[in-house]
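Chemist:
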Amino acid sequence: MNIFAQIGQEFSVLPHVASWGDAQNIFQNTLSGRPKHWLLPVHACKAVGGEPKQAVLAVLAIACAHIGILLVDDMLDADPRGEYHRLGMAASANLSSTFQAAAVYAVARSIRDDASKLVAIESFNEMFLSTSFGQFLDVQSPVNESAYWKVTQTKSSPFFGVALQIGALAGGSSLETAKQLKQLGCLYGEMIQLHDDMHDSMEIPANPDWLQGRKPLPILFASQVEHPERERFLQLSQSIMDLDTLQEAQEILIHCGAISYCADQLIRKHQTAMNLLKHASLIDPKPVSELLDEIIAPVHALLKTVNVD
């Protein structure tokens, strides 16, 4: 079953977007990249004993939600790859609300049981509210670790939580089991954020986070924690476009413990998630455990190279 082809077909016949060229183009262009996050409902569906075909509309809902969130996020981040450069901010904002509405429409069609359907719709709306608040907080740029986690837990985590929850409900799980998977998904979202922060901070050439003065956790750590190279790091951050400067700043991220701290946080969250998974009422935990292990694998590989168990 080619689930990406199926959701492409399902989106093409949604009310009001069938003849909307911009909406269709954005969806199909994003679809061509086969985003892995879109398949989270399938993992949850299989974990509760369901078949992947039961999760098709749940995947469509997550796909639409993801696109709607990104359309706004790109504008807030001044991302040079954003659709708003081509369409303009007004049209992009309108399309964002379109995709969010399409997500809720797909949710309502993905679940037959009325009680489960209501829970899923409420969760999606709560997720959109939380994400909007998180995007607002993110624009302010976190000034300390507490603020960083507030952004992560409002902007990033809810999407992943609801993705696993709706997949479980589409697969016929109980409300309690779906709630357990939602909690796991939120932790998974925090792990994703940590993983991305470490990757983006070490990216060459400089990731937009450096250029825009944003502070993912490694950069925030190196900027805030007292260490011998802190002042030098802050100085380097002002001219990060130069590759030599970027390399020196990234070396400081390693020397000062910023990358190690993020790795430690990632390991701790993985351990918490695996403990939750152990006590979740699942038919087959493997589809979810594989998601968690995939995120932690690079850290374990790194530790192995330096002979750390």
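Residue numbering for the sequence shown follows my numbering, starting at 45 and increasing by one per position.
Beta carbons are placed, not taken as given, at the ideal position from N, Cα and C, and that holds for glycine.
With a cut-off of 8 Å, do at least 3 Cβ pairs link the region 256-269 to the region 302-315?
Modeler: Yes: the two stretches touch, three or more of their Cβ pairs being nearer than 8 Å.
Chemist: Starting from the C-beta of G178, find all residues in its chain whose C-beta is less than 6 Å away, skip the five residues before and the five after it, and write them out in chain order.
Modeler: Around G178: V195, T198, K199.
Chemist: With distances taken between CB atoms, is the gap from T175 to I113 smaller than 8 Å?
Modeler: Yes; because the gap between Cβ atoms is below 8 Å, this pair is in contact.
Chemist: I believe A107 touches I51 by the beta-carbon criterion, under 8 Å. Please report the beta-carbon distance rounded to the nearest angstrom.
Modeler: Confirmed, Cβ separation roughly 6 Å.
Chemist: Taking C-beta to C-beta, are L310 and S245 nearer than 8 Å?
Modeler: In this structure, S245 does not lie closer than 8 Å to L310 by Cβ.
Chemist: Would you report the Cα separation of A152 and S140, rounded to the nearest angstrom?
Modeler: So the alpha carbons of these two residues sit roughly 19 Å apart.
Chemist: What are the boundary residues of the alpha helix (DSSP H) that includes S201?
Modeler: From DSSP, the alpha helix (DSSP H) with S201 extends over 201-214.
Chemist: Which whole runs of the alpha helix (DSSP H) in the region 100-159 are 4 residues long or more, in chain order?
Modeler: Here the runs fully enclosed are 100-121, 128-131, 133-154.
Chemist: Here's the rule I'm using: 16 or more other beta-carbon atoms within 10 Å means buried, otherwise exposed. How should D241 be labelled?
Modeler: Classification for D241: buried.
Chemist: Classify W64 as helix, strand or coil using the three-state DSSP reduction.
Modeler: Here W64 sits in coil by DSSP.
Chemist: Could you check what DSSP says for S301 in three-state terms: helix, strand or coil?
Modeler: Checking the sequence, you will find Gly at residue 301 rather than Ser. It is coil, neither helix nor strand.
Chemist: In whole angstroms, what separates the C-alpha of A222 from that of L208?
Modeler: Their Cα atoms are separated by approximately 7 Å.
Chemist: Between the beta-carbon of T289 and the beta-carbon of L278, is there less than 8 Å?
Modeler: In this structure, L278 does not lie closer than 8 Å to T289 by Cβ.
Chemist: Output the boundary residues of the alpha helix (DSSP H) element that contains I47.
Modeler: Residues 47-56.
Chemist: Assign A159 to one of two classes, buried (16 or more other C-beta atoms within 10 Å of its C-beta) or exposed (fewer than that).
Modeler: A159 should be labelled exposed.
Chemist: Is the beta carbon of A99 closer than 8 Å to that of C89?
Modeler: It is a contact, given that the beta carbons lie within the stated cut-off.
Chemist: What is the C-beta distance between K259 and P186, in whole angstroms, given that I count them as a contact (C-beta under 8 Å)?
Modeler: Sure, about 6 Å apart at Cβ, within 8 Å.
Chemist: Below 6 Å CB to CB, which residues in the same chain sit around S217 once its five sequence neighbours on both sides are set aside?
Modeler: Excluding residues within five positions, the ones whose Cβ falls inside 6 Å are V92.
Chemist: I need the DSSP call for H271, collapsed to helix, strand or coil.
Modeler: Reduced to three states, the DSSP call for H271 is coil.
Chemist: Reducing DSSP to helix, strand and coil, say where K259 ends up.
Modeler: The answer is coil: DSSP assigns K259 none of H, G, I, E or B.
Chemist: Can you say whether Q224 is buried or exposed, counting buried as having 16 or more other CB atoms within 10 angstroms of its CB?
Modeler: Under this definition Q224 is a buried residue.
Chemist: Go to W193, then tell me how far its alpha helix (DSSP H) extends in each direction, as first and last residue.
Modeler: Element bounds for W193: 189-195.
Chemist: Which whole-angstrom value is the C-beta distance of G205 and Q237, which I expect to be below 8 Å?
Modeler: Incorrect: roughly 13 Å between the Cβ atoms, too far for contact.
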